[in-house]
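Here's the structure, in structure tokens; my notes come after.
2 protein chains.
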Amino acid sequence: MLEKAARILESFKPSGGSYRLAELSERTGLPKPTVHRLAADLVRLGWLERSGPRYRLGAKLFELGSLVPHRLDLRETALPFLQDLFEATRETVHLGVREGMEVVYLERIHGHEALRLPSRIGGSLPLTCTGVGKALLAFSDAELTEEVLSRPLPSLTPHSITDPARLRMALEKIQVSGLAYEEQEAALGVACIAAPVFAGGTTVAALSVAVPRARFSPARLAPAVRTAALGLSRVLRAGA
Amino acid sequence: MLEKAARILESFKPSGGSYRLAELSERTGLPKPTVHRLAADLVRLGWLERSGPRYRLGAKLFELGSLVPHRLDLRETALPFLQDLFEATRETVHLGVREGMEVVYLERIHGHEALRLPSRIGGSLPLTCTGVGKALLAFSDAELTEEVLSRPLPSLTPHSITDPARLRMALEKIQVSGLAYEEQEAALGVACIAAPVFAGGTTVAALSVAVPRARFSPARLAPAVRTAALGLSRVLRAGA
DNA sequence: CGTGTTGTTCCGTGTCACGGAACAAAGTTT
DNA sequence: AAACTTTGTTCCGTGACACGGAACAACACG
Numbered sequence: 001m002l003e004k005a006a007r008i009l010e011s012f013k014p015s016g017g018s019y020r021l022a023e024l025s026e027r028t029g030l031p032k033p034t035v036h037r038l039a040a041d042l043v044r045l046g047w048l049e050r051s052g053p054r055y056r057l058g059a060k061l062f063e064l065g066s067l068v069p070h071r072l073d074l075r076e077t078a079l080p081f082l083q084d085l086f087e088a089t090r091e092t093v094h095l096g097v098r099e100g101m102e103v104v105y106l107e108r109i110h111g112h113e114a115l116r117l118p119s120r121i122g123g124s125l126p127l128t129c130t131g132v133g134k135a136l137l138a139f140s141d142a143e144l145t146e147e148v149l150s151r152p153l154p155s156l157t158p159h160s161i162t163d164p165a166r167l168r169m170a171l172e173k174i175q176v177s178g179l180a181y182e183e184q185e186a187a188l189g190v191a192c193i194a195a196p197v198f199a200g201g202t203t204v205a206a207l208s209v210a211v212p213r214a215r216f217s218p219a220r221l222a223p224a225v226r227t228a229a230l231g232l233s234r235v236l237r238a239g240a
Numbered sequence: 001m002l003e004k005a006a007r008i009l010e011s012f013k014p015s016g017g018s019y020r021l022a023e024l025s026e027r028t029g030l031p032k033p034t035v036h037r038l039a040a041d042l043v044r045l046g047w048l049e050r051s052g053p054r055y056r057l058g059a060k061l062f063e064l065g066s067l068v069p070h071r072l073d074l075r076e077t078a079l080p081f082l083q084d085l086f087e088a089t090r091e092t093v094h095l096g097v098r099e100g101m102e103v104v105y106l107e108r109i110h111g112h113e114a115l116r117l118p119s120r121i122g123g124s125l126p127l128t129c130t131g132v133g134k135a136l137l138a139f140s141d142a143e144l145t146e147e148v149l150s151r152p153l154p155s156l157t158p159h160s161i162t163d164p165a166r167l168r169m170a171l172e173k174i175q176v177s178g179l180a181y182e183e184q185e186a187a188l189g190v191a192c193i194a195a196p197v198f199a200g201g202t203t204v205a206a207l208s209v210a211v212p213r214a215r216f217s218p219a220r221l222a223p224a225v226r227t228a229a230l231g232l233s234r235v236l237r238a239g240a
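So the protein lines, in turn, are chains A and B.
Going by the UniProt record's numbering, the first sequence wraps up at 240, each residue one higher than the last.
Going by the UniProt record's numbering, the second sequence wraps up at 240, each residue one higher than the last.
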């Protein structure tokens, strides 16, 4: 029963849209009366909302989601550094952590000019085709890298690296330079520079700047990203 | 059963801390074996996480909470204006919406100097003792105002307005000026200016700047807040 | 007005949630 | 180190209630 309810809620991924009863039934594979009953319960609890015939995720969920502790702490301490980075570059800034073989974005701030990116706060993407992901991967256990390299590499665009040998080389360069570069591997027309954030000897997060390819200028962006990442690392070390 | 699970998850409010089995049992009023079983299920689903003897809210919850649509859209379009406001003032900036008789904060950005505020993203506070709340209240249906005024006014500090007559006057001033002021009503030592955000004839949100009382300067802050609120209103109108 | 579709109600069946009780494990006190 | 307290876990008989097929109702479309 819990599992069925969870199936319903998770059927709203990845877009968070709004769906009708029949759609939910199809998306979850649950029979219609079951969805009907459970959805009604979920609405009563505030986990779903219903307007007319459409269901969407409810306010309670936002409230609880904002309390998730590991996320909350890191976000809170990272925010000022993300602000600095944004002000220095005036470009779209990301904060992400690794979760299994994916990167989960915790924060993303941008100005009026919104890039068309696949990244969403709370959403996850493959480690291998994003700046943040590559920075996390390059600075995590070697076994994880092998694990990732042993599987077929996913791709978000035609430019995503799908050749394990090429990716391995890229990761080595990242380890040396401390910065991960990415060009159009996550979204067409967008490039990205990322840097890892350390705390207590391990990589806990990474942050990045994404810019339209046209004005991609490593010389301008790299120092800013590195500075922000180091600043955050320093504070995390002090706080822990 | 769903309700019991919800009771468990909501027992993590308001702090989002981590609790042990016995604590959860006490907080929820559910018998220990029940909590044990449900918590195990919730962990399996990723809604809770367990490290040693302590449970905390899980990653799935963050993921789903970030997808809640109304929240997501407004946040996304508001972010650039919040950034502008932050850069113009370099103070803590809030975005909030009304939910029933409370204000729920959708976003909060700040620099390195963190104010000690009761506001949390996803958290709710009384409409009557916060800048954002008063701005929302002053520009919503008159019946809501009456409803609020008819009940005992909650207070967060000794400076919170608890006299209905005084609050009524304050709201009228806000309606005239288009700006809500607040001094130490939400947190000691902190003052705040807020402005409502309109879309399609109704008030959909409000944003505010909170500053240490020592450097509270309406002349400097008011134009910035107003500009940001109007800018956001304009975009919302265009988008809708 | 017929026809496909979606939302809702009913209800008999059987499952699985329930939680008291008993047990195990980890601290705490004397 | 034994006696006690508190917390976590397992067991299991009972009964409530989740389940979903089937039948019905409310639309939508032509």
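The beta-carbon is built from N, C-alpha and C at its ideal position, and this holds for glycine as well.
Residue i burial status per 10 Å Cβ neighbour count (16 or more: buried)
i, result
"histidine 112/A", "exposed"
"glutamate 182/A", "buried"
"threonine 128/B", "buried"
"alanine 22/A", "exposed"
"proline 196/A", "buried"
"serine 150/A", "exposed"
"glutamate 91/A", "buried"
"lysine 173/B", "exposed"
"leucine 188/B", "exposed"
"valine 176/B", "exposed"
"glutamate 107/B", "buried"
"alanine 191/B", "buried"
"lysine 60/B", "buried"
"alanine 214/A", "exposed"
"arginine 20/A", "exposed"
"glycine 29/A", "exposed"
"proline 31/B", "exposed"
"serine 217/B", "exposed"
"proline 152/A", "exposed"
"glutamine 52/A", "Here residue 52/A is glycine; the residue named in the question, glutamine, does not match the sequence. Result: exposed."
"alanine 238/B", "exposed"
"alanine 219/B", "exposed"
"glycine 16/A", "buried"
"alanine 165/A", "exposed"
Residues bridged to residue i [DSSP beta-bridge criterion]
i, result
"isoleucine 193/A", "Tyr181/A and Val209/A"
"proline 80/A", "According to DSSP, which records beta bridges pairwise, proline 80/A is partnered with nothing at all."
"leucine 48/B", "Leu57/B"
"arginine 98/B", "Val103/B"
"serine 124/A", "Val104/A"
"arginine 20/B", "Arg54/B"
"valine 93/B", "Ile109/B and Val209/B"
"phenylalanine 198/A", "Thr203/A"
Beta carbon of residue i nearer than 7 Å to that of residue j
i, j, result
"isoleucine 193/B", "leucine 221/B", "yes"
"leucine 115/B", "alanine 210/B", "yes"
"phenylalanine 139/B", "threonine 203/B", "yes"
"alanine 206/A", "alanine 135/A", "yes"
"proline 118/A", "leucine 156/A", "yes"
"tyrosine 105/A", "glycine 133/A", "no"
"arginine 71/A", "phenylalanine 198/B", "no"
"alanine 5/B", "leucine 2/A", "yes"
"glutamate 88/B", "alanine 180/B", "The sequence as given places alanine at residue 88/B; glutamate does not occur at that position. No, these two residues do not count as a Cβ contact at 7 Å."
"glycine 131/A", "serine 233/A", "no"
"residue 258/B", "proline 126/B", "In the structure as shown, chain B begins at 1 and stops at 240. Residue 258/B is therefore absent and cannot be evaluated."
Contact test: residue i Cβ vs the ligand MG heavy atom, cutoff 6 Å
i, result
"alanine 39/B", "Judged by which ligands are present, the structure shown has none, so any question about the ligand MG falls away."
Task: Three CB pairs or more closer than 8 Å across the stretch 216-229 of chain A and the stretch 79-96 of chain A - done: Flag = yes, the stretch 216-229 of chain A and the stretch 79-96 of chain A touch.
Task: At least 3 beta-carbon pairs within less than 8 Å: the stretch 42-51 of chain B vs the stretch 91-108 of chain A - done: They do not touch, by the three-pair rule.
Task: Segment contact, 8 Å Cβ cut-off, at least three pairs: the stretch 87-96 of chain A with the stretch 59-66 of chain A - done: The stretch 87-96 of chain A, when compared against the stretch 59-66 of chain A, does not touch it at the 8 Å Cβ threshold.
Task: Inter-stretch contact (C-beta, 8 Å, three-pair minimum) for the stretch 54-62 of chain B and the stretch 4-17 of chain B - done: Here the stretch 54-62 of chain B makes contact with the stretch 4-17 of chain B; the two share three or more CB pairs at distances below 8 Å.
Task: Segment contact flag, the stretch 31-44 of chain B with the stretch 26-43 of chain A, C-beta cutoff 8 Å, min 3 pairs - done: The stretch 31-44 of chain B, when compared against the stretch 26-43 of chain A, does not touch it at the 8 Å Cβ threshold.
TODO: Give, in chain order, every unbroken run of the alpha helix (DSSP H) that is at least 4 residues long and sits entirely within the stretch 120-177 of chain A.
DONE: Entirely contained in the stretch 120-177 of chain A, the alpha helix (DSSP H) runs reaching 4 residues are, in chain order, 131-138, 142-150 and 164-177.
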